[in-house]
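To start, the structure under review is shown below, and the notes come after it.
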Amino acid sequence: MSSESKFGEYGGQYVPEALMPAIEELTDAYERYVLDNEEGFMDEFRERLRDFGGRPTPLQRADRLSERYDREVYLKREDLLHGGAHKLNNALGQVLLAKYMGKERIVAETGAGQHGTATAMACAYLDVDCEIYMGRTDINRQRPNVFRMRLHDAAVNPVDIGSGTLKEAINETMRDWATNVEDTHYVIGSIVGPHPFPRMVRDFQSVISEEAREQIREKAGRLPDSVVACAGGGSNTMGTFHEFVGDESVDLVAVEAGGSALTIDEENGLAPHSASLSTGEDGVLHGARTKLLQNPDGQILESHSVSAGLDYSGVGPELAYLADEGRVTPVNVGDDAALEAFHRLSKTEGIIPALESSHALAYLEEAALGDTRDELGDLVVVNVSGRGDKDLDTVIEESDKRDLDAAPSMEVFEHGE
Amino acid sequence: MGSEIRDAFADEPALVSYVAAGDPDAESTKEYVRALVRGGTDVVELGLPFSEPIAEGPTIQQAIRRALDAGMTPDRYFDLVAELRDEVDVPLVCMTYYNLIYQYEGSEAQSASNASGETASEGPEPFVEAAAEAGISGIIVPDLPVDESDPLKEACEAHGLDLIFIVAPTTTDERLGRMLDRASGFVYVQGRLGTTGARSDVSDDTHGSLDRLAETDLPKAVGFGISERDHAREIVAGGADGIIVGSAFVDIVAEQEETADLLEAKARELKRGALDGATEVPEPESK
Numbered sequence: 512m513s514s515e516s517k518f519g520e521y522g523g524q525y526v527p528e529a530l531m532p533a534i535e536e537l538t539d540a541y542e543r544y545v546l547d548n549e550e551g552f553m554d555e556f557r558e559r560l561r562d563f564g565g566r567p568t569p570l571q572r573a574d575r576l577s578e579r580y581d582r583e584v585y586l587k588r589e590d591l592l593h594g595g596a597h598k599l600n601n602a603l604g605q606v607l608l609a610k611y612m613g614k615e616r617i618v619a620e621t622g623a624g625q626h627g628t629a630t631a632m633a634c635a636y637l638d639v640d641c642e643i644y645m646g647r648t649d650i651n652r653q654r655p656n657v658f659r660m661r662l663h664d665a666a667v668n669p670v671d672i673g674s675g676t677l678k679e680a681i682n683e684t685m686r687d688w689a690t691n692v693e694d695t696h697y698v699i700g701s702i703v704g705p706h707p708f709p710r711m712v713r714d715f716q717s718v719i720s721e722e723a724r725e726q727i728r729e730k731a732g733r734l735p736d737s738v739v740a741c742a743g744g745g746s747n748t749m750g751t752f753h754e755f756v757g758d759e760s761v762d763l764v765a766v767e768a769g770g771s772a773l774t775i776d777e778e779n780g781l782a783p784h785s786a787s788l789s790t791g792e793d794g795v796l797h798g799a800r801t802k803l804l805q806n807p808d809g810q811i812l813e814s815h816s817v818s819a820g821l822d823y824s825g826v827g828p829e830l831a832y833l834a835d836e837g838r839v840t841p842v843n844v845g846d847d848a849a850l851e852a853f854h855r856l857s858k859t860e861g862i863i864p865a866l867e868s869s870h871a872l873a874y875l876e877e878a879a880l881g882d883t884r885d886e887l888g889d890l891v892v893v894n895v896s897g898r899g900d901k902d903l904d905t906v907i908e909e910s911d912k913r914d915l916d917a918a919p920s921m922e923v924f925e926h927g928e
Numbered sequence: 046m047g048s049e050i051r052d053a054f055a056d057e058p059a060l061v062s063y064v065a066a067g068d069p070d071a072e073s074t075k076e077y078v079r080a081l082v083r084g085g086t087d088v089v090e091l092g093l094p095f096s097e098p099i100a101e102g103p104t105i106q107q108a109i110r111r112a113l114d115a116g117m118t119p120d121r122y123f124d125l126v127a128e129l130r131d132e133v134d135v136p137l138v139c140m141t142y143y144n145l146i147y148q149y150e151g152s153e154a155q156s157a158s159n160a161s162g163e164t165a166s167e168g169p170e171p172f173v174e175a176a177a178e179a180g181i182s183g184i185i186v187p188d189l190p191v192d193e194s195d196p197l198k199e200a201c202e203a204h205g206l207d208l209i210f211i212v213a214p215t216t217t218d219e220r221l222g223r224m225l226d227r228a229s230g231f232v233y234v235q236g237r238l239g240t241t242g243a244r245s246d247v248s249d250d251t252h253g254s255l256d257r258l259a260e261t262d263l264p265k266a267v268g269f270g271i272s273e274r275d276h277a278r279e280i281v282a283g284g285a286d287g288i289i290v291g292s293a294f295v296d297i298v299a300e301q302e303e304t305a306d307l308l309e310a311k312a313r314e315l316k317r318g319a320l321d322g323a324t325e326v327p328e329p330e331s332k
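Chain order of the listed sequences is A and B. Take the first sequence: its letter number 141 is residue 652 in our numbering, and every next letter is one higher. Take the second sequence: its letter number 237 is residue 282 in our numbering, and every next letter is one higher.
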């Protein structure tokens, strides 16, 4: 086993024995193809990301946000990646790796549907069979993505257990993998799971920070004061941070979903938020030791966020480690602030951001204009991890529920009836 | 090292029976365990429910959900074990997931006696200590492969508990060697890939795994998918020292009708199958 299976005390390989040989095989493939570029794997990956994915994505100065916050704000436009989210970086990397390993079948789980869509897309592109597990609740709130997966000829399997969100979908995908491990690769969608997934997914996603670091130096002539990214499991977070981790002058801010409150409802086993990095306790889930939302006995709590993509009870072990070390600052914003940020960016910059990314943008508002101490500095990079088309149903419903001033009036339609 | 669990395999093929503790409530679990022992169960595997049971199929997932909904916790589990220990004389094995073991900080009384009163050191020691005190003889943790098992193995040795490892059809010889270096009690042979759940046949994987373990000194018990007398017979005839049955019992528990009688009858049927299997083979290789 590789000696690098842990980040400090976090990480490891806590999975059923039936999966361990597959994980050893994957670790070997990761070290050879990804780390050592054997058979030119990484060259092919980069080329496909460019030609199929549309990389590099732009780093765009957000003029009106810069004015509003009285500093330079740059947006890393992962929403412009093929498929509309950063998820393709990892999905393409893993599906290609599975092909190099001779696996014939891909399984994956998805929360918001972005990872499922990206995996289905990569499988269609690279001609591999694909099955996606998705919680019933998420299927209901992310219908366009379900249809997109089907368009790419992936099977979508609803998961009815528990709250029907990402946690349950991961359990079910692990079960499928344990049954079909010999010819199947599990494309984990975030920097979670047993080693080597957290490192491998981060490596595939770190193209975001590689580009952003170069682009900001070109455009602003220096490194940013802070880099802000939303954090659910943490793949766009680590992708956005990785190349900046060594730059000690750059603050790395991970924005979690504060949901409706930061409390815990122990009676019902619910956390009305998904802020495992800020509030979670050390534990073992889905193959790794990390920070988790759990009760004192160690039972995992159901999480909540208005954003399906952030709605997860754990977080990647590397982020847990970097937060403990003080290198990454975990913060959180609630559902309401995220919805307002969604409308703000749509209105002021002509970009409809994913609800995940809206959390990062909401923190910008809080840090620059709110009561919290302003720690962002004069030059800020925010990752727009994905576009918000998939979230429109949720945004309409949730804005309506809140009578949100920022939401556009739909009167023009009502009159037309 | 002689262990109570190992002794349970000494004379004849053993029946290891699983139920989820607290499904549907603690009192019923005691009644069910008594019935299983009357039916010939030699070792009881008592599941401590965890909210994310990734190695289980639908039958046991639902049992775990029922038990959690009825309020089962690690401390209540240990109370249940202590009470059962007074009533049955077969070894009790705790089957659970690592997070519960890792998180356990001792009962409230124990925690209060800590000078800090806050968090005890994290790790498996308090759990194993409490398990040993309650009367648990061994532990099975499906999400703890041999690679991560050092702290738990150490704690189990300190408290005289067996740590039982699961050998999968995919397990390589190199891994098998490492597992056997650490295993005690018995070797849990996973009869097929996938999750737990009753099946209608015996997988070829079972025979392959038993062949690979033929020279092993520890008793070998096969689980995953056994539900009928014939499966039990075939598996024991194939060289197993015992069978592990879970979902077939949990299915009966889920029905909630004449449960104890049906459990006893099912255990008897399976035990008889195992005994039949033992007569079909020549004397097992000398141990």
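For glycine and all other residues, C-beta sits at the position ideal for the given N, C-alpha and C. What you are looking at is a predicted structure, and each value in this text was computed from that prediction instead of being measured.
Proximity test, Cβ basis, 9 Å: residue i and chain B
i	result
histidine 797 of chain A	yes
proline 669 of chain A	no
tyrosine 832 of chain A	no
proline 709 of chain A	no
lysine 678 of chain A	yes
glycine 519 of chain A	no
leucine 803 of chain A	yes
methionine 553 of chain A	no
alanine 465 of chain A	Any answer about residue 465 of chain A is impossible in this case: the structure gives chain A only from 512 up to 928.
alanine 782 of chain A	no
Candidates the options: closest to residue i by CA position
i	options	result
serine 869 of chain A	A/Leu850, A/Glu877 and A/Thr859	A/Leu850
glycine 522 of chain A	A/Gln810, A/Thr801 and A/Gln805	A/Thr801
tryptophan 688 of chain A	B/Thr240, B/Gly205 and B/Ala228	B/Thr240
alanine 59 of chain B	B/Glu309, B/Lys311, B/Ile289 and B/Gln301	B/Ile289
glycine 85 of chain B	B/Gly287, B/Ser292 and B/Asp296	B/Gly287
leucine 91 of chain B	B/Arg111, B/Gln106, B/Ala80 and B/Gly67	B/Gly67
glutamate 877 of chain A	A/Ala782, A/Phe556, A/Ser771 and A/Asp847	A/Asp847
glycine 675 of chain A	A/Thr648, A/Thr695, A/Phe658 and A/Arg654	A/Thr648
glutamate 860 of chain A	A/Gly757, A/Leu576, A/Phe552 and A/Ile811	A/Leu576
alanine 259 of chain B	B/Ala277, B/Thr324, B/His276 and B/Val232	B/Val232
serine 814 of chain A	A/Asp835, A/Asn747 and A/Leu788	A/Leu788
leucine 607 of chain A	A/Pro569, A/Glu578, A/Asn651 and A/Glu555	A/Glu555
alanine 529 of chain A	A/Leu591, A/Thr630, A/Val692 and A/Asp671	A/Val692
aspartate 916 of chain A	A/Arg855, A/Gly613, A/Arg588 and A/Lys730	A/Arg855
glycine 565 of chain A	A/Ala540, A/Asn600 and A/Met531	A/Asn600
threonine 538 of chain A	A/Pro709, A/Leu603 and A/Lys678	A/Pro709
alanine 871 of chain A	A/Gln571, A/Pro569 and A/Leu586	A/Leu586
Inter-residue CB distance, residue i and residue j (contact presumed, cutoff 8 Å)
i	j	result
aspartate 736 of chain A	valine 891 of chain A	7 Å
threonine 283 of chain B	serine 248 of chain B	Residue identity differs from the one stated: residue 283 of chain B is glycine in this sequence, not threonine. In fact, because the Cβ distance is near 11 Å, the residues do not count as touching under 8 Å.
glycine 820 of chain A	alanine 865 of chain A	7 Å
cysteine 741 of chain A	glutamate 867 of chain A	5 Å
tyrosine 525 of chain A	alanine 799 of chain A	7 Å
threonine 43 of chain B	phenylalanine 210 of chain B	In the structure as shown, chain B begins at 46 and stops at 332. Residue 43 of chain B is therefore absent and cannot be evaluated.
leucine 812 of chain A	glycine 780 of chain A	5 Å
Per-residue burial, residue i [other beta carbons within 10 Å of its own, 16 or more giving buried]
i	result
arginine 561 of chain A	exposed
glycine 162 of chain B	Low local confidence applies: a pLDDT of 39 at glycine 162 of chain B is under 50, so the model's placement there is unreliable, with the coordinate-based value given in what follows. That one is exposed.
threonine 164 of chain B	Note that threonine 164 of chain B scores 45 on pLDDT, short of 50, meaning its location in the model is unreliable; the coordinates nonetheless yield the value given after this. Counting Cβ neighbours within 10 Å, threonine 164 of chain B comes out exposed, since fewer than 16 surround it.
phenylalanine 294 of chain B	buried
alanine 213 of chain B	buried
alanine 786 of chain A	buried
serine 292 of chain B	buried
asparagine 159 of chain B	The predicted model places asparagine 159 of chain B with a pLDDT of 45, which falls under 50 and marks its position as unreliable; any figure quoted below should be read in that light. Its Cβ having fewer than 16 others within 10 Å, asparagine 159 of chain B is exposed.
serine 896 of chain A	buried
aspartate 882 of chain A	exposed
leucine 903 of chain A	exposed
Cβ of residue i within 9 Å of any chain A Cβ
i	result
aspartate 207 of chain B	no
arginine 220 of chain B	yes
alanine 213 of chain B	yes
glutamate 163 of chain B	Residue confidence is low: glutamate 163 of chain B scores 43 on pLDDT, short of 50, so the model does not pin down where it sits. Its coordinate-derived value is still stated next. Answer no: the Cβ-Cβ gap between glutamate 163 of chain B and chain A never drops below 9 Å.
phenylalanine 231 of chain B	no
Exercise for the section: Would you check if the region 751-770 of chain A and the region 618-626 of chain A touch, i.e. whether three or more CB-CB distances between them fall below 8 Å? Expected result: In short, these stretches do not touch, since the Cβ pair count stays below three.
Practice task
Evaluate contact between the region 752-761 of chain A and the region 716-723 of chain A, counting only Cβ atoms and requiring at least three cross-stretch pairs below 8 Å.
Solution key: Judged by Cβ distances under 8 Å, the region 752-761 of chain A makes contact with the region 716-723 of chain A, as three or more pairs qualify.
Handout entry: Segment contact, 8 Å Cβ cut-off, at least three pairs: the region 542-551 of chain A with the region 694-706 of chain A
Key = Result no; under three Cβ-Cβ pairs closer than 8 Å.
Problem - At least three beta-carbon pairs within less than 8 Å, the region 634-653 of chain A to the region 664-674 of chain A - result: Yes, they touch.
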